[in-house]
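Once you know that position 267 of the sequence shown is 1577 in this note's numbering, the rest is easy, because the numbers rise by one and skip nothing. Even glycine gets a Cβ: it sits at the ideal position worked out from N, Cα and C.
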Amino acid sequence: MKNTRRNFIKKTAASSVLFVAGGVLPQFSAKSYANILGSNNKINVSMMGVNSRGNALAQNFASQDNCNVVHVCDVDSRAITKCLASLKERQTITAKPYTDFRKSLESKDIDALVIAAPDHWHAPASLIAMEAGKHVYVEKPCGHNPNEGEILVKAAKKYGKVIQMGNQRRSWPNVIEGINALKSGAIGRIYFGKGWYTNNRPSIGIGKEVAVPEWLDWDLWQGPAPRKNYKDNIVHYNWHWRWHWGTGEALNNGTHMIDLLRWGMGADYPTKVSSNGGRYRYQDDWETPDTQTINLDFADNMSMSWEGRSCNGKDIAGSTVGVMFYGENGSMLISGGNSYTLYDLKGTVVKEVLDDTVIDPRNKSNPAELLDALHIQNMFDAIRNGDTLNADIDSGHKSTLLVQLGNISQRVGRSLEIDSTNGHIIDDSEAQNLWSRAYQEGWEMKL
Ligand SMILES: NC(=O)c1ccc[n+]([C@@H]2O[C@H](COP(=O)([O-])OP(=O)(O)OC[C@H]3O[C@@H](n4cnc5c(N)ncnc54)[C@H](O)[C@@H]3O)[C@@H](O)[C@H]2O)c1
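Here you go:
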């Protein structure tokens, strides 16, 4: 069955408290809802990076009644073949394959670029797409380093394009309801928030320098990152754990959770950031921490903390991923799914809003397809009707920055004082050097 919004509503109406009560998703006005259903005016997208998450997103975009996936771009020819085959099940048109996404962007047929390439590509590709006049759906994190996020915030204004970041929980109805409850004072003033993610990831071993496989354009895979010789344990996925391309578990999963905390607590920039941890479990090529706690202090007596355990999957509060808000009158849990639970100060459940949409937070590519469709539709509403994005680049950058600051603190080995008016690091030149990165010549991000 096609994953349309109509099906989503059918599938969830029986189980979700929200839908029983309301019937229509709260973030969609009746007008925008009517505009989408039955419209022949399709939004045409090009996918960049379709091995895992990008393949799942391609299927999700193609399943929307008002969208066609017209181009599929990847530097791995096998990933293109796999994605084109999976798209056949979801749409009638045949997408065109591209190795170089810049060629796809030359086409007038494209309205938006969907970026699910590795993290070092997110901001440079977003900028190139906006320069080419396209809207952008960029996976989290929006940048490999803080400077890239700041450039994207300016670029979105300069080019007047819609850019939605892939922190999709911002479009999940029960999560929205829970955050609204917090903002209405459900647990009083919130002064502490904790987020976490746990998994049992295996070692990535010690890579060997080998010939570049014939299915891969290694030069274009590296793109903006200064050149390195090819090794057999980077492509795919394991680049996440190498600072040159990836951003560690903190930005891989922490971005989602810190974003929820920042949203619910109404926090912007911190005053102080620290991080502890390291690559503790295995000795291999994995450089980023597999065990990490990031602590962020904010003005007005408020702090938040993130715990990542990549190699010990013991849950916290019954969930392998989640956030807990602690307030003067109680607490609220938002676990990995489209649900929330309110507790009083003794820890007794006061209210529970659940949704039986199946979510698997450890599914690397597609933990919650039907819910993610709402995030996609919110982007389409912004393109079509000028509706407010649920995860625009201003908020996406702020949430990403909090975690990036944690990683910078981790790398320099000390806590950082932060200017709470703009999120910049105060008086620490070594840490400030990590605000940006070196680029491969010709790939510098210029606005
Ligand atoms: N929002 C979410 O819930 C969620 C879930 C999973 C992954 N992600 C994000 O999606 C991104 C991709 O993750 P993944 O697990 O699919 O990684 P992956 O390594 O499995 O896939 C990345 C793909 O990008 C391709 N690629 C690299 N350079 C390219 C280029 N220049 N042009 C086109 N394609 C290129 C690779 O060949 C590969 O096919 C990551 O940034 C990750 O953080 C988000």
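Inspect the beta-carbon positions of residue i and residue j and report whether they are closer than 8 Å.
| i | j | result |
| --- | --- | --- |
| Gly-1505 | Trp-1573 | no |
| Gly-1533 | Pro-1434 | yes |
| Gln-1478 | Gln-1687 | no |
| Met-1357 | Val-1379 | yes |
| Lys-1418 | His-1381 | no |
| Val-1663 | Asn-1490 | no |
| Cys-1452 | His-1430 | no |
| Ser-1481 | Lys-1582 | no |
| Asp-1641 | Ile-1497 | A small correction: the amino acid at residue 1641 is Ser; Asp does not occupy that position in the sequence shown. Yes, these two residues count as a Cβ contact at 8 Å. |
| Arg-1412 | Ala-1372 | no |
| Tyr-1501 | Gly-1716 | no |
| Ala-1748 | Val-1722 | no |
| Ala-1422 | Val-1355 | yes |
| Gly-1657 | Asn-1509 | no |
| Gly-1388 | Trp-1549 | For the sequence presented, residue 1388 should be read as Arg rather than Gly. Result no, Cβ atoms of Arg-1388 and Trp-1549 do not sit closer than 8 Å. |
Nearest chain D C-beta to residue i closer than 8 Å, yes or no?
| i | result |
| --- | --- |
| Asp-1594 | Among the chains in the structure shown there is no chain D, since it carries only a single protein chain. |
For residue i, does the count of other Cβ atoms within 10 angstroms reach 16, so buried, or fall short, so exposed?
| i | result |
| --- | --- |
| Arg-1474 | Note on residue identity: the sequence assigns Gln, not Arg, to residue 1474. The residue is buried, with at least 16 neighbouring Cβ atoms inside 10 Å. |
| Asp-1386 | buried |
| Gln-1714 | buried |
| Gly-1628 | exposed |
| Thr-1731 | exposed |
| Asp-1384 | buried |
| Ala-1323 | Because Ala-1323 sits at a pLDDT of 33, beneath the cut-off of 50, its placement in the model cannot be relied upon, and the point is left open. |
| Ser-1585 | buried |
| Arg-1552 | buried |
| Ile-1544 | buried |
| Glu-1519 | exposed |
| Ser-1326 | Any answer about Ser-1326 is weak, because its pLDDT of 34 lies below 50 and its placement is not dependable; what the coordinates show is given next. The residue is buried, with at least 16 neighbouring Cβ atoms inside 10 Å. |
| Gly-1332 | In this prediction, Gly-1332 scores a pLDDT of 25, lower than 50, which makes its location untrustworthy; no coordinate-derived value is stated. |
| Gly-1733 | buried |
| Val-1522 | exposed |
| Asp-1697 | buried |
| Lys-1708 | buried |
| Phe-1318 | Residue placement at Phe-1318 is flagged as unreliable, the pLDDT there being 44, under the threshold of 50; a coordinate-derived value is accordingly withheld. |
| Asp-1654 | exposed |
| Asn-1743 | exposed |
| Ala-1536 | Here residue 1536 is Pro; the residue named in the question, Ala, does not match the sequence. So Pro-1536 ends up on the exposed side. |
| Thr-1710 | buried |
| Ser-1414 | buried |
Would the beta-carbon of residue i be found less than 7 Å away from any heavy atom of ligand 1?
| i | result |
| --- | --- |
| Leu-1530 | yes |
| Glu-1416 | no |
| Pro-1428 | yes |
| Asn-1361 | yes |
| Val-1385 | yes |
| Glu-1460 | no |
| Met-1358 | yes |
| Gly-1632 | no |
| Gly-1476 | yes |
| Asn-1562 | yes |
| Tyr-1547 | yes |
| Phe-1608 | no |
| Lys-1450 | yes |
| Trp-1616 | no |
| Gly-1533 | yes |
| Ala-1389 | yes |
| Phe-1371 | no |
| Trp-1525 | no |
| Phe-1502 | no |
| Trp-1482 | no |
| Trp-1765 | Only positions 1311 to 1757 of the chain appear in the structure, and residue 1765 is not among them; the question remains open. |
| Trp-1431 | yes |
| Gly-1706 | no |
Nearest CA to the CA of residue i: which residue from the options?
| i | options | result |
| --- | --- | --- |
| Ser-1362 | Val-1355, Lys-1518, Glu-1449, Trp-1555 | Glu-1449 |
| Tyr-1507 | Val-1463, Cys-1383, Ser-1645, Leu-1415 | Ser-1645 |
| Asn-1695 | Gly-1495, Ala-1535, Leu-1492, Val-1472 | Val-1472 |
| Trp-1531 | Tyr-1547, Tyr-1592, Gly-1517, Ile-1516 | Tyr-1547 |
| Met-1440 | Pro-1580, Tyr-1469, Leu-1681, Leu-1699 | Tyr-1469 |
| Thr-1603 | Thr-1409, His-1734, Ile-1438, Leu-1712 | Leu-1712 |
| Leu-1437 | Leu-1462, Asn-1700, Ile-1425 | Leu-1462 |
| Asp-1529 | Leu-1684, Tyr-1650, Thr-1409 | Thr-1409 |
| Glu-1597 | Lys-1352, Leu-1699, Gly-1618, Ile-1514 | Ile-1514 |
| Val-1660 | His-1734, Gly-1488, Tyr-1540, Glu-1559 | Gly-1488 |
| Arg-1619 | Ala-1609, Asp-1610, Gly-1632 | Gly-1632 |
| Arg-1810 | Gln-1742, Arg-1672, Gly-1723 | Residue 1810 lies beyond the range of the chain shown here (1311 to 1757); nothing can be said about it. |
| Lys-1261 | Ile-1403, Thr-1402, Ala-1368 | Nothing about residue 1261 can be reported from this structure: the residues present for the chain run from 1311 to 1757 only. |
| His-1445 | Glu-1460, Gly-1723, Lys-1467, Pro-1428 | Lys-1467 |
| Lys-1494 | Asn-1639, Gly-1558, Trp-1753 | It should be pointed out that residue 1494 corresponds to Ser in this sequence rather than to Lys. Nearest of Asn-1639, Gly-1558, Trp-1753 to Ser-1494, Cα basis: Asn-1639. |
| Ser-1719 | Leu-1681, Leu-1684, Gly-1587 | Gly-1587 |
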